[in-house]
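Quick note: the sequence shown uses the UniProt record's numbering, first residue 4, plus one each step.
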Amino acid sequence: LHARTRLSAESIFSRMSRLAAQRGAVNLGQGFPSTPPPAFLLEAARRAVGTVDQYSPPIGLPALREAVAQDLEVQPEQVVITCGATEAMFALAQTLYGPNPGGQPDELIAFEPVFDIYLPQTVMVGATFVGVPLNLSAEGWRLDIDALCRAVTPRTKALIVNSPFNPTGSVFTRAELQAIADLAREHDFWLISDEVYDELYYDVRPVSLRTLAPERTFTVGSAGKRLDATGWRVGWIVTPEGAAPEVAGLHQWTTFCAPAPLQAAVAEALGIARTSGFYDGLRRSYLKRMQLLAAGLRDLGAEVFTPQGTYFLTARLPGVDAERLVTEGGVAVIPLEAFYRTQPAPPEMLRLAFCKSEAEIEEALRRLKGFL
Ligand code: GLN
C-alpha cells in the first residue's frame with residue numbers, strides 16, 4: 004500500500020535491534036536502556052494495576068497532568084497525555100498541518116540529521132517535509148540560521164525543534180532558540196519542541212523553547228526517556244493556553260487514552276524523581292558511560308563529537324560499514340545516513356547509544372577493535 008513512500012518499511016532502529024538479536028551483537032543502536040527502570044517506578048506500577056484499570060479521560064489522568072504541569076511550570080489545563088512522545092508528535096501533526104484542501108500542502112520544517120519519525124508522520128497527514136541541515140564543524144553540530152530562514156515559505160506551518168537533539172546530542176543555545184522564536188513570530192508558524200531528553204544534559208540545563216514563545220510552542224515530553232522505561236509509552240504535550248482540548252480531541256481518535264495504570268504510576272514517579280535527586284543520578288551515570296565510550300572510540304582513532312545531551316553520540320569512524328559491523332563485528336550502531344532524508348549525509352558517520360551497561364560498552368569497544 005505504501006511501497007511508493009516506503010512508509011511501511013522497517014525502521015532503522017527496529018532493523019538494527021533485530022539484527023543485533025539475531026547475531027548476538029552488542030546493541031549500541033536503538034536508544035533504550037539495557038538497565039532496569041528505578042524501583043520506585045516499578046512499585047508504583049504494581050500498586051496501580053488492579054486499582055486504575057479503566058479508561059482515563061482522553062486528555063489524561065488528572066494526577067499525571069498535574070505532575071507534568073508542576074515539573075514544567077505550566078497549568079495542568081495545558082497538558083495532554085499521549086501514548087509516548089511518538090504519538091504526541093503524531094497528534095500534533097494531525098492538529099497543526101495537513102494537505103490544505105484547495106491549496107498547496109502545508110510545509111513542516113525539521114533539522115537534518117532528522118529523527119526518523121518526523122518525515123513519515125508528515126507524509127501520513129498529507130503535508131510536505133522540508134529538511135534543513137545542521138552544520139558540522141570542529142565545534143560540533145550547530146544550527147544554520149541562514150539555511151533555516153531560506154527554507155521558510157508562505158506555506159510553512161510548523162517547525163520541529165529537538166533539543167537535546169537526537170541523533171547528534173546537541174543542545175541549542177538560548178540565542179539559537181531566540182532566533183527560532185523570532186522567525187516563527189515574524190512568519191507566523193507553530194513551534195513543536197521535542198524535549199524528550201530534557202533531563203539528560205551534561206553541560207548547562209537546556210532552555211525550553213516554550214519559555215521564549217509560549218503562545219505558539221507545543222512541548223513534547225516522555226516518561227520513557229526520563230525514567231528509563233521506553234516500553235511504557237507514556238508521553239505528554241504542553242500546549243499554548245487554551246489549545247489542549249483541540250489536541251486531545253484529535254488524540255482520542257488514535258488511541259483514546261494512554262494506558263491508565265501506567266499514567267497513575269508515572270504521576271507518582273515524577274513526584275519522587277523531582278524531589279529525590281533522581282535526575283542528578285541519572286545524568287551522572289550517563290555522563291560516565293558517555294566518557295567511557297568517547298574515550299574508547301578516540302583510542303580507536305575515531306573523531307568523536309561530544310554530545311551536550313541525550314544518550315547518543317556521533318563519531319566518524321573511517322571504513323566502518325554499519326551493516327558489516329553488526330553482522331561480522333558483533334556491534335550494532337546506526338549509520339548517520341539513516342537520518343538524512345532530503346540531503347546527502349556526511350560520510351563515515353555513526354550514531355552510538357551509550358544507555359547501555361558499562362560492561363556492554365567495554366565489550367563493544369573490544370569487538371570494534373578486533374573488527375577494524
Ligand atoms: N528514540 C530511540 C532512538 O533514537 C528509538 C525510537 C524508536 O525506535 N521508535 O534510538
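We treat Cβ as the ideally placed atom computed from N, Cα and C, and that holds for glycine.
Note that this is a predicted model, so its numbers are computed, not measured.
Find the nearest neighbour of residue i within the set the options, judged by alpha-carbon distance.
i	options	result
Ala187	Thr176, Pro209, Thr220, Pro167	Thr220
Glu142	Arg370, Val126, Ser173	Ser173
Tyr121	Pro338, Ala182, Ile364, Tyr343	Tyr343
Asp74	Pro104, Leu10, Val269, Leu99	Val269
Ala232	Trp144, Asp149, Gln266, Pro217	Gln266
Pro40	Ala318, Leu99, Trp235	Trp235
Glu331	Glu189, Ser225, Leu375	Leu375
Cys358	Ser37, Asn165, Pro243, Ala23	Ser37
Gln255	Ala24, Gly63, Arg9, Ser225	Gly63
Val323	Leu303, Tyr100, Gly101	Leu303
Phe315	Phe35, Ala247, Ala24, Met92	Phe35
Leu10	Thr278, Gln124, Val307	Gln124
Is the beta carbon of residue i less than 8 Å from the beta carbon of residue j?
i	j	result
Val250	Gly238	no
Glu115	Gly134	yes
Pro264	Val83	no
Lys160	Val199	no
Asp147	Pro157	no
Leu295	Glu361	yes
Ala272	Leu230	yes
Leu203	Thr85	no
Gly280	Ala70	no
Ala318	Ala305	yes
Leu67	Tyr205	no
Tyr100	Val126	no
Ala247	Glu13	no
Val55	Val241	no
Give me, in chain order, the residues of the same chain whose beta-carbon lies closer than 6 Å to that of residue i; leave out the 5 immediate sequence neighbours on both sides.
i	result
Phe16	Gln33
Ala28	Val329, Gly333, Val334, Ala335
Ala341	Ile15
Ala113	Tyr121, Ile163
Pro321	Glu351
Thr131	Pro108, Glu110
Leu300	Val307, Ala318
Mapping DSSP to helix, strand and coil, what is residue i?
i	result
Glu13	coil
Val269	helix
Ile183	helix
Ala368	Reading off the sequence shown, one finds Leu at residue 368, where the question assumed Ala. It is helical.
Ile148	helix
Pro104	coil
Asp302	helix
Pro321	coil
Pro65	helix
Gly238	strand
Asp191	coil
Glu203	A small correction: the amino acid at residue 203 is Leu; Glu does not occupy that position in the sequence shown. Looking at Leu203 - three-state DSSP - the assignment turns out to be coil, as it is neither helix nor strand.
For residue i, which residues from the same chain have a beta carbon less than 7 Å from its beta carbon, with the 5 sequence-adjacent residues on both sides left out?
i	result
Phe259	Tyr58, Pro61
Leu139	Pro349
Gln181	Leu215
Glu363	Val29, Ser37
Arg354	Pro170, Phe315, Thr317, Val336, Ile337, Leu339
Leu253	Ala94, Gln97, Thr98
Tyr282	Glu202, Ala276
Can you find the residues in the same chain that come closer than 8 Å, C-beta to C-beta, to residue i, ignoring five residues on each side of it along the sequence?
i	result
Phe118	Asn165, Asn169, Pro170, Asp197, Phe342
Glu217	Before going on, a small fix: residue 217 reads as Pro here, not Glu. Answer for Pro217: Pro243, Glu244, listed in chain order.
Met19	Asn30, Gly32, Gln33, Ala325, Val329, Ala335, Val336, Ile337
Would residue i count as contacting chain B if we go by Cβ distances under 8 Å?
i	result
Pro262	No chain B appears in this structure, which consists of one protein chain only.
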